[in-house]
Every structure is written in C-alpha cells, then in structure tokens.
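Below is one structure, written out as structure tokens; comments come after it.
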Amino acid sequence: MIRTLCLSLVLSLAGAAAAQTPSAVPVQHASHAASQDAQSAAEVWNNLMAGNRRFVAGKPEARDLVSLRHKLASGQSPKAIILSCSDSRVGPELVFDQSLGDIFVVRTAGNVADKVALGSIEYAVEHLHSPLLVVLGHQKCGAVNAACSGEKMPSENLDAIVEKINPAVTRAKSYAKADDLVESAIKENVHQSALDLSANSEIIGSAVKSGKLTVIEAEYELDAGQVIRLDVPTKGQN
Ligand SMILES: [Zn+2]
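Residue numbering for the sequence shown follows the numbering used here, starting at 144 and increasing by one per position.
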C-alpha cells in the first residue's frame, strides 16, 4: 500500500515536473461559490474556525486518541492542508483544535513555499484530495523579521528562506512605516506564499483553477490565539 502510494507519487511528480512551466496562474480564493468543492472548502474552513474558537476559549474537544490512532492506521483523508511557519508557538493542530488525521501540515520557517513544501502539498492535493489549503502566517515572525532587517544571513540555507520572503518585504516597504514594516511584511508574505503555490506548481495551480482546491490566507495572533483571515471572503463565504 505504502509502496504503491510512493510509486504513484513518484510517477505523478515526474509527470508534473515534465509538464511544469512556471507561469503566473492567479491565486483563486473562495470564489467558486457555485462548485461542490468550494462549498466543502467553506465548510472545512468553518470547522477550522470553530476549532480556533475552542482553542481561544481554552476548551478543546475531548478525543479518544487511542481508538482514533487505530482507525487511522489504514489510511488518511485530511480535510485541509496547512502551510504554516515552523515557529514553536504556532502548532496548527493546537491552534485549530484538530486531531490525528484531520490536517496535513507543511511547516517551514516563514511559511515559505519552497520546492520541498510544494512537493509535500502536491502530494496532499493529488492523492489525499483535501479541498482547502490554508497559508498561515503569524505575528512577530522571526523569519520575516530577519528578511526585514536586510542583514546578511550566516548560511546559504538561511539565505534561501530570506530570499523567498524578500519580495513581500519590498512590497511592504512601499507603504508601511518603520514601526509597521514587519507586521505588513508578514501579511504580504502570506500572500506571496499563496501566489507561489499556484505559480510554481502545475498540480496546485490546476487544482485551484478547476475549483478543486481553495486557498485561504490567514494570520495567527500570538497573544489572543485567534486566527484572522487576511483575504477578502466572497459573499456567502466566511
Ligand atoms: Zn514565523
């Protein structure tokens, strides 16, 4: 089973790599109100936000993790994909009060969508068919702060993170005051990652275009614990 999945993933990724032509596929948010998939994505988002309200209130759902673990041993069907920062204060399972098997989480410093992150998300889109992808930034993000500082990074690996964030910093600098720069860049960086997902992945771009996948941009507030949606919802969506 695992072997089959791995093989099909490899084949699928090989096909995607051959077909991939990085193009500026526009990010489409929850604007496919008419389609079944967008409807279920909206339901998933509502479910995640209900979980976030439980988290904020300190009243997480009681769960029988042992029986859930046994049940999930035969396979997974996560309802959402989350691309979030690796920051230890931003664990998506906790923040959205979700459990084993609920969300497929990809984490990188600064929630950047590099090739490995894209490949991981492509797997969830192609093989697990999750209808919703949330790009989750957060207040006081150290990676965005480092990019805003303009300082030289001590390694090429750290530099690779900052390079992905730099376009967001440039955009934020065009309107934000110094006090506001990091916070504005954090929001811009969530948007940048959402754009990168579709622009740099044929699989993700096609899924968004066809309405099979909805991308939502959001920011986590460290102190309050709330997740705030950043992109403007279409009428009828949350
Ligand atoms: Zn961060």
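We put the CB at the ideal spot given by N, CA and C, even for glycine.
- Scanning the segment 189-258 for uninterrupted alpha helix (DSSP H) segments of 4 residues or longer gives 208-215 and 235-238, listed from N- to C-terminal end.
- The criterion of a C-beta distance shorter than 8 angstroms is satisfied by E362 and L373.
- As DSSP reads the structure, H272 sits in no beta bridge.
- The beta carbon of E204 lies closer than 8 angstroms to those of G194, R197, D240 and S242 in the same chain, with the five residues before and after it left out.
- Counting the other CB atoms within 10 Å of its CB gives T313 a total below 16, which places it among the exposed residues.
- Between the C-alpha atoms of Q282 and A328 there is a straight-line separation of about 10 angstroms.
- Taking the Cα of E360 as reference, the smallest distance to any Cα among G368, I308, G354 and Q335 is reached at Q335.
- The Cβ atoms of I347 and S353 do not sit closer than 8 angstroms to each other.
- Relative to the Cα of D230, the nearest Cα in the group G244, A252 and A216 belongs to A252.
- Between the C-alpha atoms of M192 and I371 there is a straight-line separation of about 9 angstroms.
- Remark: C-beta atoms of V268 and A337 do not approach each other more closely than 8 angstroms.
- Shortest Cα-Cα distance from L275 to any of K222, P297, S210 and E299 involves K222.
- Excluding residues up to 5 positions away in sequence, S242, L243 and G244 lie with their Cβ nearer than 8 angstroms to the Cβ of L211 in the same chain.
- Every residue whose Cβ sits closer than 6 angstroms to any heavy atom of ligand 1 is listed here in chain order: C228, D230, G253, H281, C284, G285 and A286.
- The three-state secondary structure of L365, taken from DSSP, is coil.
- Of the candidates V305, V199 and N288, the residue whose Cα lies closest to the Cα of D322 is N288.
- Between the C-alpha atoms of C291 and N309 there is a straight-line separation of about 8 angstroms.
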